[in-house]
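Enquirer:
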Amino acid sequence: MGTGTSKDEEEGGKEESDGLHQAGGQLYVSLKMENRKLTGDLVPHVYGSLPLVGSWDPSKALFMERESVSMWELSFVVPPNHETLDFKFLLKPKDSNVPCFVEEGPSHLLVGGALQEDARLALFRLDSGEVLEYQVFVKADRVSPFDLAASWRAYQDNFRPSSVRWIPDVSINSAPQPGGENGSSVGLELDLEHYVVPTPATSANTAHVYAANLTENPRSLVSGSGSNSYPIKEMEVIVPDSSKTFQSSGMVESKSVGTFSPLQRQESQRGLFVDRGVGSPRLVKSSSSNIFSADTKNSMPAAAGAVAAAAVADQMMGPKEDRHLAIILVGLPARGKTFTAAKLTRYLRWLGHNTKHFNVGKYRRLKHGVNQSADFFRADNPEGMEARNEVAALAFEDMFSWMQEGGQVGIFDATNSSKERRDMLMKLAKGRCKIIFLETICNDVNIIERNIRLKIQQSPDYAEEPDFEAGLQDFKNRLANYEKAYEPVNEGSYIKMIDMVSGHGGQIQVNNISGYLPGRIVFFLVNTHLTPRPILLTRHGESQDNVRGRIGGDTAISEAGELYSKKLAKFVGKRLKSERAASIWTSTLQRTILTASPIVGFPKIQWRALDEINAGVCDGMTYAEIKKNMPEEYESRKMDKLRYRYPRGESYLDVIQRLEPVIIELERQRAPVVVVSHQAVLRALYAYFADRPLNEIPHIEVPLHTIIEIQMGVTGVQEKRYKLMD
1 MGTGTSKDEE EGGKEESDGL HQAGGQLYVS LKMENRKLTG DLVPHVYGSL PLVGSWDPSK
61 ALFMERESVS MWELSFVVPP NHETLDFKFL LKPKDSNVPC FVEEGPSHLL VGGALQEDAR
121 LALFRLDSGE VLEYQVFVKA DRVSPFDLAA SWRAYQDNFR PSSVRWIPDV SINSAPQPGG
181 ENGSSVGLEL DLEHYVVPTP ATSANTAHVY AANLTENPRS LVSGSGSNSY PIKEMEVIVP
241 DSSKTFQSSG MVESKSVGTF SPLQRQESQR GLFVDRGVGS PRLVKSSSSN IFSADTKNSM
301 PAAAGAVAAA AVADQMMGPK EDRHLAIILV GLPARGKTFT AAKLTRYLRW LGHNTKHFNV
361 GKYRRLKHGV NQSADFFRAD NPEGMEARNE VAALAFEDMF SWMQEGGQVG IFDATNSSKE
421 RRDMLMKLAK GRCKIIFLET ICNDVNIIER NIRLKIQQSP DYAEEPDFEA GLQDFKNRLA
481 NYEKAYEPVN EGSYIKMIDM VSGHGGQIQV NNISGYLPGR IVFFLVNTHL TPRPILLTRH
541 GESQDNVRGR IGGDTAISEA GELYSKKLAK FVGKRLKSER AASIWTSTLQ RTILTASPIV
601 GFPKIQWRAL DEINAGVCDG MTYAEIKKNM PEEYESRKMD KLRYRYPRGE SYLDVIQRLE
661 PVIIELERQR APVVVVSHQA VLRALYAYFA DRPLNEIPHI EVPLHTIIEI QMGVTGVQEK
721 RYKLMD
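The UniProt record's numbering applies: residue 1 is where the sequence shown begins, and numbers increase by one.
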């Protein structure tokens with residue numbers, strides 16, 4: 001850039017230019033000046049002959065835009081065989097003609113996009129006699145007139161005033177818009193089931209599957225499970241002396257959900273036990289460089305932003321055992337432990353943490369069968385106690401083996417209802433991983449009865465029991481055995497959820513909890529509940545950029561998009577007609593706001609977090625244009641769509657980070673929510689509910705004019721899809 005060309009190069013360039021000119025090509029010329037010495041209010045300008053400026057009048061000179069502190073730039077388009085451009089530079093204020101300092105020496109000549117003289121300097125003599133020296137650079141790129149026209153059209157679209165700019169962030173339509181729904185083409189035929197379409201194989205339908213069956217397979221008990229399997233071995237279960245185990249610090253209790261008091265330290269405690277959070281194996285600073293390297297594989301969570309920053313900070317400062325985190329569930333049967341564990345696992349995976357759910361009941365059934373009576377669970381049954389402790393230890397060893405292979409957070413799901421059992425687990429974890437106990441307490445007899453009945457219907461323990469009432473009585477006897485020996489958690493680091501499942505208050509207690517990830521876990525648990533409600537996900541109606549095949553932008557919807565918006569309003573009215581309350585969430589881009597505008601009777605909230613993935617400099621381009629003009633970016637995106645970040649834009653991991661508040665609020669809501677958003681955003685939201693791996697998110701199918709209904713409730717997540725139009 002800015003160097004002379006040889007005769008051969010000039011002849012070759014001439015032939016290429018002639019060919020491009022015959023095909024209608026153009027030259028995009030970038031003219032730059034650089035001077036590292038500030039010149040006050042003086043701004044470089046260009047003036048000269050046609051077709052560049054067309055005037056040697058300094059008052060009509062074109063000013064150059066500041067590109068950096070020391071660089072100024074002016075770009076223009078000319079034919080490849082353009083006539084010689086004769087021009088000079090001058091310095092003057094941007095909005096005034098005085099003072100004005102014209103460049104000394106002869107004019108610059110530009111032929112075929114290249115400067116003709118060897119000298120690449122522009123000299124200016126100021127009134128003080130000082131001489132300012134600027135370096136001159138020029139670069140010419142060949143572009144087709146179609147690319148130029150497309151860029152100009154995208155520029156005009158992006159700067160056209162939005163048709164929804166006066167709609168407030170929170171609004172509600174109390175009546176249908178005039179003339180909005182006339183004609184049978186807008187109405188919905190038959191009932192809503194007429195529009196149901198099959199869900200994909202990777203759908204979110206887990207409502208009719210026993211949650212424990214979806215947990216990690218017991219590889220220590222399953223032969224032939226691959227290189228990670230190992231034979232069953234006799235294990236000596238050592239129960240430590242409870243008098244020597246860690247004593248708890250002061251308990252912190254909140255009387256209302258989401259409010260926590262400062263940690264209080266007991267006088268008897270010698271040191272404050274601080275959890276610094278986890279997220280990845282510890283990072284070690286190399287003595288020979290200024291970079292950090294991981295001392296184990298899978299060192300960082302697949303995340304960006306706050307999650308990645310917290311993982312780096314915690315691993316630089318945290319002790320060795322904090323490289324891994326074990327969440328140990330505690331609670332009586334039928335208190336929602338497995339359901340809570342499954343939701344927490346899904347949330348942490350979605351954030352990018354390598355998380356697995358280990359259910360001890362699954363180990364027990366595989367090791368000792370499913371036909372165990374209530375007597376097996378008595379505290380005064382030594383054979384039963386030994387067998388249950390054995391499978392708990394096996395499950396814990398499996399969890400830690402997985403952590404050694406790169407796992408970050410293990411969810412250990414069992415009753416763990418005695419201090420003796422918890423002491424055993426703490427001894428097994430000592431020096432290997434950090435433990436946080438998560439105790440679920442429910443005092444609502446109606447919720448407990450409902451959970452018990454679901455347990456009898458779904459649990460493999462009663463799959464071979466034909467008499468429901470007999471199974472029900474056996475489980476209640478089992479529950480009574482647990483209740484006799486139950487000891488609430490008062491040791492170590494813990495979180496207690498007390499009557500939180502209804503979503504109508506309750507209490508949460510935390511003790512010795514600190515660090516980014518434990519803090520996020522507490523915040524998530526505060527906002528979760530079991531209230532059944534639907535969440536409807538849909539893309540905006542077809543936009544003008546969809547028709548053109550362009551990404552990003554902020555165009556209005558097409559005629560097909562307008563038709564969908566009216567059908568969507570009809571659908572929402574029918575689907576939610578029996579609901580006492582509901583809300584409509586959109587992004588701040590006009591295509592989602594326009595799509596939701598015909599919906600009446602429900603409040604509408606605009607979320608910036610729901611905006612489409614930011615395509616940066618590629619905004620407004622087609623993928624064909626990106627492939628042609630930015631081939632390296634096109635290939636980089638093709639290789640890793642999850643982590644690829646558009647230049648000056650976002651990656652899918654960035655989108656996930658900004659969607660976390662949306663997920664938390666969706667979990668907190670007790671009424672239905674309709675989310676009208678964009679493809680990349682809905683892929684990320686859907687992946688959370690369907691518990692899909694992060695690397696699948698960029699490939700999830702979210703078609704236009706289709707509604708994905710996610711039903712949240714006590715039995716899990718159920719999905720249904722409606723296609724309103726092609």
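Built from N, CA and C at the ideal position, the CB exists for glycine as well.
What alpha helix (DSSP H) runs, 4 residues minimum, are completely inside the region 119–165?
Expert: 145–159
Enquirer: Suppose you measure from the CA of aspartate 691 to the CA of phenylalanine 339; what does that come to, to the nearest Å?
Expert: 14 Å
Enquirer: Mind checking which residues open and close the alpha helix (DSSP H) that includes phenylalanine 571?
Expert: 559–575
Enquirer: How big is the Cα-Cα spacing for asparagine 381 and isoleucine 495?
Expert: 30 Å
Enquirer: Quick check on DSSP: helix, strand or coil for methionine 639?
Expert: When DSSP states are grouped into helix, strand and coil, methionine 639 belongs to the helix group.
Enquirer: Does the separation of the CB atoms of proline 93 and methionine 64 fall below 8 Å?
Expert: no
Enquirer: Determine whether the beta carbon atoms of isoleucine 593 and valine 98 lie at a separation below 8 Å.
Expert: no
Enquirer: Within its chain, find whatever has a CB closer than 6 Å to the CB of asparagine 527; leave out the 5 residues flanking it on each side and keep chain order.
Expert: Ile664, Glu667, Arg668
Enquirer: Sort Lys427, Lys343, Asp619 by Cα distance to leucine 530 and report the nearest one.
Expert: Measuring from the Cα of leucine 530, the nearest candidate turns out to be Lys343.
Enquirer: Name the DSSP bridge partner or partners of histidine 82?
Expert: Histidine 82 is not bridged to any residue.
Enquirer: Which residues mark the beginning and the end of the beta strand (DSSP E) in which glycine 716 is found?
Expert: 716–723
Enquirer: Look at the alpha carbon of isoleucine 605 and the alpha carbon of isoleucine 441, and state the distance between them as a whole number of angstroms.
Expert: 35 Å
Enquirer: If contacts are defined as beta-carbon pairs under 8 Å, then tyrosine 722 and valine 196 qualify, I think. What distance do you get, rounded to the angstrom?
Expert: 6 Å
Enquirer: According to DSSP, tryptophan 72 sits in a beta bridge with which residue or residues?
Expert: The partner list for tryptophan 72 (beta bridge, DSSP) reads Met33, Arg66.
Enquirer: Considering only DSSP beta bridges, list what glutamine 711 is partnered with.
Expert: In DSSP, glutamine 711 forms a bridge with Pro534, Gln718.
Enquirer: In whole angstroms, what separates the C-alpha of arginine 648 from that of valine 673?
Expert: 32 Å
Enquirer: Suppose you measure from the CA of alanine 485 to the CA of arginine 478; what does that come to, to the nearest Å?
Expert: Using only the alpha carbons, I get a separation of about 12 Å.
Enquirer: Identify whether leucine 221 lies in helix, strand or coil by the three-state DSSP scheme.
Expert: Three-state result, leucine 221: coil.
Enquirer: So what's tyrosine 623 in DSSP terms, helix, strand or just coil?
Expert: helix
Enquirer: Quick one: give me the first and last residue of the alpha helix (DSSP H) that lysine 337 is part of.
Expert: 337–351
Enquirer: In whole angstroms, what separates the C-alpha of alanine 326 from that of alanine 302?
Expert: 19 Å
Enquirer: Pick out whichever of Thr622, Tyr634, Glu660, Ala560 has its Cα sitting closest to the Cα of tryptophan 607.
Expert: Considering only alpha carbons, the answer is Glu660.
Enquirer: Below 8 Å between beta carbons: does that hold for isoleucine 328 and leucine 438?
Expert: yes
Enquirer: State the Cα-Cα distance for the pair histidine 540 and valine 547, rounded to the nearest angstrom.
Expert: 13 Å
Enquirer: Quick one: Cα of isoleucine 447 to Cα of histidine 705, how far?
Expert: 38 Å
Enquirer: How should alanine 310 be labelled, buried or exposed, when 16 other C-beta atoms within 10 angstroms of its C-beta is the threshold for buried?
Expert: Counting Cβ neighbours within 10 Å, alanine 310 comes out buried, since at least 16 surround it.
Enquirer: Can you list, in chain order, the residues of its chain whose CB lies under 6 Å from that of valine 409, leaving out five sequence neighbours each side?
Expert: Leu325, Leu348, His353, Thr355
Enquirer: Could you spell out where the alpha helix (DSSP H) holding proline 518 opens and where it closes?
Expert: Boundaries of the alpha helix (DSSP H) harbouring proline 518: 516–526, taken from the DSSP string.
Enquirer: Is the beta carbon of proline 693 closer than 8 Å to that of lysine 641?
Expert: no
Enquirer: Only counting the same chain, and skipping five residues up and downstream in sequence, which positions put a Cβ closer than 8 Å to that of serine 417?
Expert: Hits under 8 Å: Val330, Gly331, Leu332, Tyr482, Ala485, Tyr486, Glu487.
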